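Trainee:
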Amino acid sequence: MKKRLYLILALTLILGLSACGDGRKMAYGTVAEVQTGDDGEVAAIVVDGDDGKQFGALIAEDTWLSPWGEGSWTGEEARVVLREQLQPGARVAVEQLPGRKELETTGGGKIRAYEAYYISVTAILRRNAAKLADGTTLDVLDHGGVSGVSYRLTDGTELLWVRGPSGPEHHYVGGLEGFDDLSETAQKRISAWYEERGLLYDEEEELEKAYAAWQKNSEDFRPRMVEQAISPSASSERVMYFGTDLTLPLYQEEGGTACTLALGEAFDRETGEPLDLWDLFRCSQEEARQAIIDACLDWRGSGGVRAGLERAFDPERVVVGADSLYIYFEPGIISEEPSGYAFNADLSKLKDLMYDWAVPKTQD
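Take any residue in the sequence shown, note its place counting from 1, add 35, and you have its number in our numbering.
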């Protein structure tokens, strides 16, 4: 099974300029300054572009506007909301009309500017919206929905981005059946099961740890991320399989800034009843456990890796995929590798031990 790559997708958002139709271009950045006209309406914004350069966006009566959390429209109602949201620190996406112009900033400088065909507020900044244990106040950049929030020091330094939680509803993986393919009864029960399980991390604790890391070494500090996402991983005649990816920050001196833990879940696709890993096997629990470990090790044989897997094996960490079982361990469990240690067990070596109704369908 291929590991889901939410963290990679989250961190590869489109930046800078990209071509649009009719010579229009998209630009992304953070609002640095808001200028109003004689009538008090927002007439232009100065944006610190993601390409490292400032630009101006000129707002006309026919500029399409998309306030944060709202639909896209023009007119007075949109402009009232936009006045509240277009504050320094907000994130925007601007579709620029061709034809370079000039805009004077409040500091007296002149920057390149373009008439805006479309402006979308993609995140709003809430000043002094959070407080740490020592009384330090933080700003919160709210991206909305599953995109989550970013906690920042008042000087703009990002400490922690908390995404999600997302899924399992309406979360799709190409070629796989998913939540929408379940019976209504199963959907309700599975949703209730995940809601009861709740978050697998403590947001306040992670925020305090990120702040402590920044205090220890502010010059080399890199923002951390927390994310919890659930998606389908496989399906069979009677079972729907899901996997929960939990991305947590790392704070070791060397290596990456995050690791992603994987947890596996299985449910009866008609009733929504949760199933243990051992419910899927026709053999004894011990026989199934050894078979999974042997399939995970494959060519790696014995030694320290086998001893580590034998010691750390946890059925809740086994994610069932269409053609394999996947197990991931964070750094320090199996080895000291900064990226952790992953095992993939070929399902063809295990399916004879599984009930026929539990064997996943081959992925298209």
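For glycine and all other residues, C-beta sits at the position ideal for the given N, C-alpha and C. Keep in mind that this is a model prediction, so the values were computed, not measured.
Sort Ala148, Arg147, Met260 by Cα distance to tyrosine 246 and report the nearest one.
Mentor: Tyrosine 246 has its Cα closest to that of Met260, out of Ala148, Arg147, Met260.
Trainee: Which term fits threonine 172, buried or exposed, when burial requires 16 or more other beta carbons within 10 angstroms of its beta carbon?
Mentor: Result: exposed.
Trainee: Spell out the partners DSSP gives valine 82 in its beta bridges.
Mentor: Looking at the DSSP assignment, valine 82 forms a beta bridge with Val66, Phe90.
Trainee: Output the distance between the C-alpha atoms of alanine 323 and leucine 194, rounded to the nearest integer angstrom.
Mentor: Distance between the alpha carbons of alanine 323 and leucine 194: 43 Å.
Trainee: Return the chain-ordered list of same chain residues with a C-beta closer than 8 Å to the C-beta of valine 77, the five sequence neighbours on each side being excluded.
Mentor: Excluding sequence neighbours, valine 77 sits near Val69, Gln70, Thr71, Ile94, Arg114, Leu117, Arg118, Leu121.
Trainee: So, is proline 284 buried or exposed, given that buried needs 16 or more other C-beta atoms within 10 angstroms?
Mentor: So proline 284 counts as buried.
Trainee: Do the CB positions of aspartate 169 and threonine 189 come within less than 8 Å of each other?
Mentor: Not in contact: aspartate 169 and threonine 189 (Cβ atoms no closer than 8 Å).
Trainee: What are the complete beta strand (DSSP E) segments, minimum 3 residues, inside the segment 286-373?
Mentor: For the segment 286-373, whole beta strand (DSSP E) runs of length 3 or above, ordered along the chain, are 293-303, 359-364.
Trainee: If we count Cβ pairs, one from each stretch, closer than 8 Å, do we get three or more for the segment 140-158 versus the segment 217-236?
Mentor: Because the criterion of three Cβ pairs below 8 Å is not met, the segment 140-158 and the segment 217-236 do not touch.
Trainee: Please name the residue or residues paired with valine 274 in a DSSP beta bridge.
Mentor: DSSP lists Asp303 as partners of valine 274.
Trainee: For aspartate 216, I'd like the list of residues in its chain whose CB is within less than 8 Å of its CB, leaving aside the five on either flank, ordered along the chain.
Mentor: Excluding residues within five positions, the ones whose Cβ falls inside 8 Å are Ser270, Met275, Arg304.
Trainee: I'd like to know whether the C-beta atoms of leucine 132 and glutamate 111 end up nearer to each other than 8 Å.
Mentor: Not a contact, by the Cβ cut-off of 8 Å.
Trainee: To which residues does DSSP link glutamine 263 through a beta bridge?
Mentor: Leu281, per the DSSP bridge assignment.
Trainee: With which residues is leucine 401 paired in a DSSP beta bridge?
Mentor: The structure shown does not extend to residue 401, since the chain is modelled only from 36 through 399, so no value can be given for it.
Trainee: How would you write the range of the alpha helix (DSSP H) that alanine 245 sits in, first residue to last?
Mentor: Per DSSP, alanine 245 belongs to the alpha helix (DSSP H) from 238-251.
Trainee: Touch check for the segment 160-169 and the segment 136-152: three-plus C-beta pairs under 8 Å?
Mentor: They do not touch, by the three-pair rule.
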